[in-house]
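Student: Here the numbering used here is used: the first residue of the sequence shown is 1, the next is one more, and so on. So that we are looking at the same thing, I have put the structure below in structure tokens.
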Amino acid sequence: SSDLADALAALPYPAPLPGRPLPPVTGVLGLLVPELADRLPPPPAGAADPEVRRCLAPRAVEALLSAYGDAVLVVEDVHRADPATLGLIRRLIGAMPARLRLVVVEDPSPGLPALGFRAPARLRSEEIDVRPWTAAQTAESVRNWLADLRPDHLTEQEDIAALVHELTRGLPEVVGHLLWAAGELLRSRETASLAAEADGAWSEEGEEARADSPLAALRQVGAPAAVRREWARRCAPLTEDARRVVEAA
């Protein structure tokens, strides 16, 4: 799967257990992840057959991660993972390599598949429920953002934090997208203003103040594009009547 290939391509090089040859089955991964090909054994016989590769890949991944020793595998947005990735995760949980740590991130929002993984009793596992930020936590993020970007506008912090929390409902990733987009807008305005000054142009003081205002930039940006795309993706399967109900809510 592409999810699996991306994760394996990011493995550190070389393997942290020198002198310990990799099991022959790991060679099949060189056909699936070209970035690994020069540090793996030759592909096993018959690995050119897609069906053979599909059968060997889970064993190969398990063997490779075991050989790497201390390692952490992070799988984000597992609710979007393809069946091959889900199958691999279940296999790893069922026979976890001794020095592997697995972190799985799942969004349990309504309308998304609720997967969950059952770990054997012998494994130590912990489920952490990451909740949206409170208004105070959002305000702290806004304060840090303002201090870096526009420290002369810290007096607007309370109004900005209230707007950010209203637009994002405290979702950390959305807060990050929104503040980044507003920061980019402010930087582009600053560049345009400097170019205008160099050309001898000028603007009214009020216009300059609005152009430099983080609050005005946030109002202009509104909901981040990533949020709009996610909204469209989740609403796509709905009928027109169901979509109207969701929008009204």
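Every residue, glycine too, gets a C-beta built ideally from N, C-alpha and C. A quick note: this is a predicted structure, and the numbers were derived from the prediction, not measured.
Confirm, please, whether the CB-CB distance from A57 to L32 is below 8 Å.
Tutor: A contact, by the Cβ cut-off of 8 Å.
Student: Just to check my reading of the structure: L163 and R219 have Cβ atoms closer than 8 Å, yes? What is that Cβ distance to the nearest angstrom?
Tutor: Confirmed, Cβ separation roughly 7 Å.
Student: What three-state label does DSSP hand D6 in the structure shown?
Tutor: Helix, per DSSP.
Student: Quick one: what does DSSP say R20 is sitting in, helix, strand or coil?
Tutor: R20: coil per DSSP, three-state reduction.
Student: Taking L65 as part of the alpha helix (DSSP H), name the residues at either end of that continuous run.
Tutor: Counting along the chain, the alpha helix (DSSP H) containing L65 begins and ends at P50 to A67.
Student: S141: buried (16+ other C-beta within 10 angstroms of its C-beta) or exposed?
Tutor: So S141 ends up on the buried side.
Student: Whole angstroms is fine: what's the gap from L100's alpha carbon to E126's?
Tutor: Straight-line Cα distance between these residues: approximately 15 Å.
Student: Could you tell me the alpha carbon to alpha carbon distance between G170 and A161, rounded to whole angstroms?
Tutor: Approximately 10 Å between the Cα atoms of the pair.
Student: On the DSSP letters alone, give me the boundaries of the beta strand (DSSP E) that L40 sits inside.
Tutor: Per DSSP, L40 belongs to no beta strand (DSSP E) and is neither H nor E.
Student: Nearest-angstrom Cα distance between V72 and T155?
Tutor: Going from the Cα of V72 to the Cα of T155 covers about 43 Å.
Student: Below 8 Å on the Cβ atoms is my contact criterion, and I expect A63 with V25 to pass it. Report the Cβ-Cβ distance as a whole number of Å.
Tutor: The pair is a contact, with the Cβ atoms about 6 Å apart (cut-off 8 Å).
Student: Any chance the CB of L65 is under 7 Å from a heavy atom of the ligand NAP?
Tutor: By its list of ligands, the structure shown contains no ligand whatsoever, and the ligand NAP lies outside what it can speak to.
Student: In the DSSP output, what is A71 paired with across the bridge?
Tutor: Note: A71 sits in a beta bridge opposite L100.
Student: Is it buried or exposed, P214, if we count other Cβ atoms within 10 angstroms and call 16 or more buried?
Tutor: Per the 10 Å Cβ criterion, buried.
Student: Hey, how far is the Cα of W133 from the Cα of T168?
Tutor: Their Cα atoms are separated by approximately 10 Å.
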